[in-house]
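Chemist: Taken in order, these protein sequences are the chains called S, V and E.
When we follow this note's numbering, the leftmost residue of the first sequence carries the number 1, and every step to the right adds one.
When we follow this note's numbering, the leftmost residue of the second sequence carries the number 288, and every step to the right adds one.
When we follow this note's numbering, the leftmost residue of the third sequence carries the number 647, and every step to the right adds one.
Note that beta-carbon positions come from the ideal geometry of N, C-alpha and C, so glycine has one too.
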Amino acid sequence: MNFKHKYFFLFPGLFVLIGILIFPIIFVVRLSLSGWNSYNPGLDFIGLDNYIRLFTDDPRFWESFFRLSFLSVTTVVLQYVIGFALAHMVWKDIKFKRFFRVLFLVPMMTTPVIMTVIWRTFFHESLGPVNDILSNFGFSPKWLTDPALAKLTVIIVEVWQWTPFMFLLLLAGLLSLPKEPFLAAAIDGASPVRKFIYVTFPLMAPISIGAIIIRLIEASKIMDTVYVLTSGGPGTSTETSSFYIFIKGLREFQMGYAASMSFTYLIIMIISLTIIAKVLTKLLLKE
Amino acid sequence: MELVANNLSYKPDDQYHLNEVSFNFQEGNLYTILGRTLSGKTTLLKTIAGLLTPDSGEIEFDGKNFLKVPVWERNVAMVYQQFINYPHLNVFENIAFPLKQRKIDQSIIYEKVMDVLKSVGLVGFEKRKIQELSGGQQQRVSLARSLVKNAKILLLDEPLVNLDYKLREQLREEFKNLFSKGLADKTILIYSTTDPRETMELNGEVIVLDEGKVLQVGPAREIFENPNSLKVAEISNDPPMNIIEAKILDNNIKFEGINLEAPQHLSKLTEDGLKIGLRSSDIELGESGHEFEVELAEIIGSETLLHLKRGDTKIIVSIEEVLNFKIHDKVKINFKIDRAYAFHNDGKLASSPFGGLNG
Amino acid sequence: MSKLYTFLKYFFIVFWAVFVVAPFLWALTTSFKDFQSVNGGVTYIPWVDFEPNLEGWKVLIKSPARGGVDIVEPYFNSLFVTCTASFISIVLGTLSAYALSRYTFKAGLVKNNDITFFFISQRIMPPIVLSIPFFLFLSSINLLDSLVGLILVYIVLLMPIAVWIMVDFFNKVPREIDETALIDGCNPYQAFLKVVLPNSISGLIVAGMFCIIFGWIDFFFAFILTFTEVQLLPVKIVALNSSVTPWWSLSASALVSVAPLIIVAFIVERYLSKGNLSGAIK
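Below, the structure is given as structure tokens:
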């Protein structure tokens, strides 16, 4: 079909999106070439100074980026493994199937920051239930103030919050699989383990890739959980890229520098996600 | 009224879906478009409907440029091979949909829909949901929806192909009745199919289409008796006509050590690279015949299709009864050689038993 | 083997279920506590460990002037922004998705897939990258700290989700249905309204649910782009967290604010088994 009406379907959405985005995107690039800060707000032109500073004189940015990579890869891997296991378990008939399915979806429906407010009380060193129970065994970990444990806490909260999304995508995938390969496997008398390795997992590969990429994209935005849970602390031990840019830009009002960081960050994100997608496709779709 | 097409071409990718297609269709006639899958049948019907715009060529209807008229104003009707109906509407609403679109009075709509329901045999099903109907009933609804409009052009795109054998026979019979019942008086009926038998039974004007090109146009009987090329002979026979590479020497047809006396209409052909065409139904089992080896035996309905081999020659024989054979069995067969066709090396018909060309 | 497997399976399921429920249960008990039962050692079971009271819940509807936390207005702000932005995103996104699924577009090297990718790729954009220019952009058109400004930003967040789900949905609806509508005398707009839309309700519901989820749970943009005039629920609750609000009212308000989306979980689960989601992921 090819009628002129097609433009009236496409354009409203496209133009609204472009209309809202075009100014900010051009602006962020222009801003990154300026020295806009709280003393000197304005779009002067300082060339690539911000970028030079970023690449030569700001280890904190790169540390925050590697921390982000560590956190998002760890959480997404955990979410994938747990999510797949859960989805596989409630895929076929089990007792209270629908109850468990709904229950396992619930965390992703809750606002992360609000849940984090609760997690803070949950992991509270003296008044929270976790340490109350652990103290019976003689432990009382500093969940939010010890650098290594703070990272772990962030990971636990992220896994709690977003495993449901992985679970949802993978369960939807499992439910859409064709029945024939499983019948064939059953006729061949394949054991459940072999059935999973040779039938279920390969069939799920394209969906797995999609789900992992989607989650990586969302995970790389980790920011509000960290803000509420640890404020990047202790020190900078849970500070992610977004959070660092936020501090520079909207706390210290070094808008120009923050813009150059966000632009660099965006480019790195796009490149690394493309590479990850390629690698995953190679790994999981090997014939 | 007539529907005239001139050199329609459509090539969305690197393959022609339509290649210089021309035709002249008159009202009150049934036209059958015969071709294999992907031969361009659906493309042609969609082009006539206005769903596709050809890259070049013209279509005129009633003396007016049809390409300037958008689909929704063309007053055509179309039945697809998938059973396409509106899933959110019940049977009555489905059939009434095109009439409502024309803002026709409620009572007239009711009358017309009930009328057409009667002619497709679905009285009493008005309130049913589409999903509750069987495939055959769904296709009847979609036929009813296209009949109710009194469209000037009625397009049927392999309407029976997705039905099981019995239903297909039954619906084909009903189609024939409908078409002959004066419905066709003011309508141009265009019916596409891959099935040669269907073509013969519908007995209309046939257009043989292959790779987007028109190979032959003529009455069904003519296509059957005098296919103008090997391709047409293949397409218009099911199973396809057997093609045997043979030589004619001293009034004898020779292949694989077999000698058959050439019938009169073949006797004058002596050229090299000649191909003999013989329908699978024109070969029969016999006690004293030529020995062939069975490669495969399929039973289809009440028929047995024997795939046979001798040397490099492979043929298919259809037998009107159910017989059991094992692979590698030896069978003896006789050729009704007076029914044989001959084709030139380039695929053009050389001679046919029904008097085509040098007969 | 299979007995052990079944045991492990149920063990894991129950373990995870407890993990999922734990923070909610904790918040629920906490919301009925008072100063003594929070600060005098950890308590769990109401009536046994502590005497429950409704103080935490009562302050939710009191005005700040009378010592309440007043989450009613932020609540309705959040509902309004989420629903409006979701609605606009669904309407515009569905139209664009329909065009991309049914028609061919070509402008130079740009084809359908590239346009679809442009829509969806907006999700890749980290919020921080957009927040700084949006902050300056909205302040330049006087929409900082306003509902309208937030709705504009949320459309950028949500429309990609709508387009993503609906393109996939429309790809699975046979195009012959639209063609039949055209043949039956509908122009493309009528075909869309009378035939395509009524048959797309399950797709629209799924897309709508996802828009509502991702609109409702956003904190970052609301946090950066609003101050005093307009407050959304997550911002309000985080503000409570950093002030001296007692745990019981904090827990009560948190529970109230995550509650409505539990309904969404039920809806999503229902449509999950109808297979309306899977294709879009690949």
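In or out: P483/V buried (at least 16 other Cβ within 10 Å) or exposed?
Modeler: As a working mapping, residue 483/V is identified with position 196 in the second sequence. By the neighbour-count rule (16 or more Cβ atoms within 10 Å), P483/V is buried.
Chemist: Considering only the alpha carbon of each residue, which of D695/E, F866/E and E875/E lies closest to V775/E?
Modeler: One-based indexing of the third sequence puts residue 775/E at position 129. Among D695/E, F866/E and E875/E, the Cα nearest to that of V775/E belongs to F866/E.
Chemist: Please decide whether G646/V counts as near chain E, where near means a Cβ-Cβ distance under 7 Å.
Modeler: Mapped onto the second sequence, residue 646/V falls at position 359. Residue confidence for G646/V is low, a pLDDT of 41 falling below 50, so the modelled location carries little weight; the figure read from the coordinates is stated next. So, not an interface residue.
Chemist: In this structure, does DSSP put F696/E in helix, strand or coil?
Modeler: Working through the third sequence from its first residue, we reach residue 696/E at position 50. DSSP places F696/E in strand when its eight states are reduced to three.
Chemist: When you compare the stretch 610-618 of chain V with the stretch 569-580 of chain V, are there three or more beta-carbon pairs, one atom per stretch, that lie closer than 8 Å?
Modeler: In short, these stretches touch, since the Cβ pair count reaches three.
Chemist: Leaving aside the five residues before and after L43/S along the sequence, list all residues of the same chain whose C-beta is less than 8 Å from its C-beta, in chain order.
Modeler: For the purposes of this step, residue 43/S is identified with residue 43 of the first sequence, where counting begins at 1. So the qualifying residues of the chain are R30, L31, S34 and W36.
Chemist: Starting from the Cα of I624/V, find the closest Cα among S589/V, E558/V, L565/V and L593/V and give me that residue.
Modeler: Residue numbering aside, residue 624/V sits at position 337 when the second sequence is read from its first letter. Nearest C-alpha to I624/V: L565/V.
Chemist: Determine, for L850/E, whether the minimum Cβ-Cβ distance to residues of chain V falls below 7 Å.
Modeler: Position 204 of the third sequence, counting from 1, holds the residue named residue 850/E. Closer than 7 Å: no.
Chemist: Am I right that T740/E and G861/E are in contact with their C-beta atoms under 8 Å? What's the rounded C-beta distance?
Modeler: Taking the first residue of the third sequence as 1, we reach residue 740/E at position 94. Taking the first residue of the third sequence as 1, we reach residue 861/E at position 215. So it is not a contact: roughly 16 Å between Cβ atoms.
Chemist: Could you run through the stretch 341-370 of chain V and flag, in chain order, every residue whose CB is less than 7 Å away from some CB of chain B?
Modeler: The displayed structure is made up of protein chains S, V and E, and chain B is not among them.
Chemist: Pull up the distance between the alpha-carbon of V914/E and that of F104/S, whole angstroms please.
Modeler: The residue given as residue 914/E occupies position 268 in the third sequence. The residue given as residue 104/S occupies position 104 in the first sequence. Between V914/E and F104/S, the C-alpha separation is close to 12 Å.
Chemist: For S421/V, count the other beta carbons within 10 Å of its own beta carbon; 16 or more makes it buried, fewer makes it exposed. Which is it?
Modeler: By 1-based counting over the second sequence, the position of residue 421/V is 134. Exposed.
Chemist: Can you check DSSP and say which residues form a bridge with A364/V?
Modeler: Counting from one through the second sequence, the residue named residue 364/V turns up at place 77. According to DSSP, A364/V bridges with L441/V.
Chemist: Count the other CB atoms within 10 Å of the CB of I133/S; is the residue buried (16 or more) or exposed (fewer)?
Modeler: Against the first sequence, residue 133/S aligns to sequence position 133. Exposed.
Chemist: Answer yes or no: does any C-beta atom of chain V fall closer than 7 Å to that of N817/E?
Modeler: For this step, residue 817/E is matched to residue 171 along the third sequence. Answer no: the Cβ-Cβ gap between N817/E and chain V never drops below 7 Å.
Chemist: Quick check: what's the CA-CA separation for G925/E versus Y835/E?
Modeler: Position 279 of the third sequence, counted from the start, is the residue given in the question as residue 925/E. Position 189 of the third sequence, counted from the start, is the residue given in the question as residue 835/E. At G925/E, the pLDDT of 46 sits below 50, so the modelled position is not reliable and the matter cannot be decided from this model.
Chemist: Which residue from E509/V, L502/V, G499/V and D497/V puts its Cα closest to that of G491/V?
Modeler: Working through the second sequence from its first residue, we reach residue 491/V at position 204. Nearest option by C-alpha distance: E509/V.
Chemist: Indicate whether at least one CB of chain S lies closer than 7 Å to the CB of S785/E.
Modeler: Taking the third sequence and counting its residues from 1, the one referred to as residue 785/E is at position 139. Answer no: the Cβ-Cβ gap between S785/E and chain S never drops below 7 Å.
Chemist: Throw me the rounded Cβ distance for the T330/V and L321/V pair, which I believe falls under 8 Å.
Modeler: Against the second sequence, residue 330/V aligns to sequence position 43. Against the second sequence, residue 321/V aligns to sequence position 34. 15 Å between Cβ atoms; not a contact.
Chemist: Compare the C-alpha of N362/V against each of E590/V, Y452/V and K436/V and name the closest.
Modeler: Residue 362/V sits at position 75 when you count from the first residue of the second sequence. When only C-alpha atoms are compared, the closest one is K436/V.
Chemist: Determine which residues of the stretch 104-123 of chain S have a Cβ less than 8 Å from any Cβ of chain E, and write them out in chain order.
Modeler: Cβ contacts with chain E come from F104, L105, V106, P107, M108, M109, T110, T111, P112, V113, I114, M115, V117, I118, W119, R120, T121 and F122.
Chemist: Please name the residue or residues paired with D342/V in a DSSP beta bridge.
Modeler: Mapped onto the second sequence, residue 342/V falls at position 55. In the DSSP output, where bridge partners are listed per residue, D342/V has none listed.
Chemist: Exposed or buried, what is V226/S when buried is set at 16 or more other beta-carbons lying within 10 Å of its beta-carbon?
Modeler: What you label residue 226/S is simply residue 226 of the first sequence in a count that begins at 1. The residue in question, V226/S, is buried, as its Cβ has 16 or more Cβ neighbours within 10 Å.
Chemist: What is the DSSP secondary structure of S479/V, counted as helix, strand or coil?
Modeler: The residue given as residue 479/V occupies position 192 in the second sequence. Of the three classes helix, strand and coil, the one that applies to S479/V here is strand, per DSSP.
Chemist: Nearest by alpha-carbon distance to V410/V: which of K387/V, E419/V, V428/V and I396/V is it?
Modeler: Counting from one through the second sequence, the residue named residue 410/V turns up at place 123. With distances taken between Cα atoms, V410/V lies closest to V428/V.
Chemist: In whole angstroms, give me the CA-to-CA distance for F781/E and K221/S.
Modeler: Counting from one through the third sequence, the residue named residue 781/E turns up at place 135. Counting from one through the first sequence, the residue named residue 221/S turns up at place 221. Looking at the two C-alpha atoms, the distance is approximately 18 Å.
Chemist: Can you pull the chain E residues whose beta carbon is under 8 Å from the beta carbon of S262/S, in chain order?
Modeler: The count along the first sequence starts at 1 and reaches residue 262/S at position 262. Under the 8 Å cutoff, chain E gives P772, I774, V775 and I778.
Chemist: Distance, Cα to Cα, E512/V vs N352/V?
Modeler: One-based indexing of the second sequence puts residue 512/V at position 225. One-based indexing of the second sequence puts residue 352/V at position 65. Whole-angstrom Cα-Cα distance: 36 Å.
Chemist: Report buried or exposed for Q161/S, applying the criterion of at least 16 other Cβ atoms within 10 angstroms of its Cβ.
Modeler: Locating residue 161/S in the first sequence gives position 161, where the first residue counts as 1. Result: buried.
Chemist: Taking the alpha helix (DSSP H) that P506/V belongs to, which residues open and close that run?
Modeler: Counting from 1 along the second sequence, the entry for residue 506/V is found at position 219. Element bounds for P506/V: not the alpha helix (DSSP H) but the beta strand (DSSP E), K500 to P506.
Chemist: Determine the DSSP secondary structure at T675/E, reduced to helix, strand or coil.
Modeler: For the purposes of this step, residue 675/E is taken as the residue at position 29 of the third sequence. Reduced to three states, the DSSP call for T675/E is helix.
Chemist: What are the residues of the stretch 91-104 of chain S that lie near chain E, defined by any Cβ-Cβ distance shorter than 7 Å?
Modeler: Residues R98, F100, R101, V102, L103 and F104.
Chemist: Take V199/S as the anchor and find which of I52/S, E252/S, F27/S and L183/S has the nearest alpha-carbon.
Modeler: Walking along the first sequence from the start, residue 199/S turns up at place 199. Minimum Cα distance to V199/S is reached at L183/S.
Chemist: Cβ of D824/E less than 7 Å from any chain V Cβ?
Modeler: Translated into the one-based positions of the third sequence, residue 824/E becomes position 178. Chain V, which has no Cβ nearer than 7 Å to the Cβ of D824/E, makes this no.
Chemist: If you draw a straight line from the alpha carbon of L273/S to that of L458/V, how long is it in whole angstroms?
Modeler: In the first sequence, the residue the question calls residue 273/S occupies position 273. In the second sequence, the residue the question calls residue 458/V occupies position 171. If you take the alpha carbons of L273/S and L458/V, they lie about 56 Å apart.
Chemist: Pull out every residue of the stretch 375-387 of chain V whose Cβ sits closer than 8 Å to any Cβ of chain E, in chain order.
Modeler: Hits within the stretch, in order: H375, F384 and P385.
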